[in-house]
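Enquirer: My structure is below; once you've seen it, I'll send some questions.
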């Protein structure tokens, strides 16, 4: 991430947006999530359903939407991460982009190592891989 908060976005991730924008937010700490517009549309549908089914959830929906921002890759393939989201995810300098099926996560590399790589026991991961690919 450069000093202006721009992150170079790999072309494979840009293709997922099909030339459009992404929605960026921190729905779970300690990282940020980028949703392609098509995925975000599905999430918005779930938010509407949730809001209709549980009127007391309106404030939750408002809060989630108030923390979401639309970002588009520039001509150099960079996205701008607003300073308040940089702060929320403790991003400063180097970042790690991680594709996660239908979204892209943006992590501080050290936090990623401690949280993702440091928590799974090798035998658990091997068992999960076997069940998945086996």
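In this note's numbering, the protein residues as written are 40 to 173.
Yeah, the Cβ is synthetic: ideal placement off N, Cα and C, and Gly gets one too.
Given the structure is predicted, the values throughout are model-derived calculations rather than measurements.
#1: By the three-class DSSP mapping on this structure, what secondary structure does residue 137 have?
#2: State the Cα-Cα distance for the pair residue 49 and residue 61, rounded to the nearest angstrom.
#3: Using C-beta distances below 8 angstroms, list every residue in its chain close to residue 122, excluding the 5 sequence neighbours before and after it, in chain order.
#4: Which of helix, strand or coil does DSSP assign to residue 161?
Expert: Inspection of the coordinates gives the following:
#1: It is a strand residue.
#2: Rounded to whole angstroms, residue 49 to residue 61 spans 14 angstroms at the Cα level.
#3: The residues are 44.
#4: In this structure, residue 161 counts as helix in the three-state DSSP scheme.
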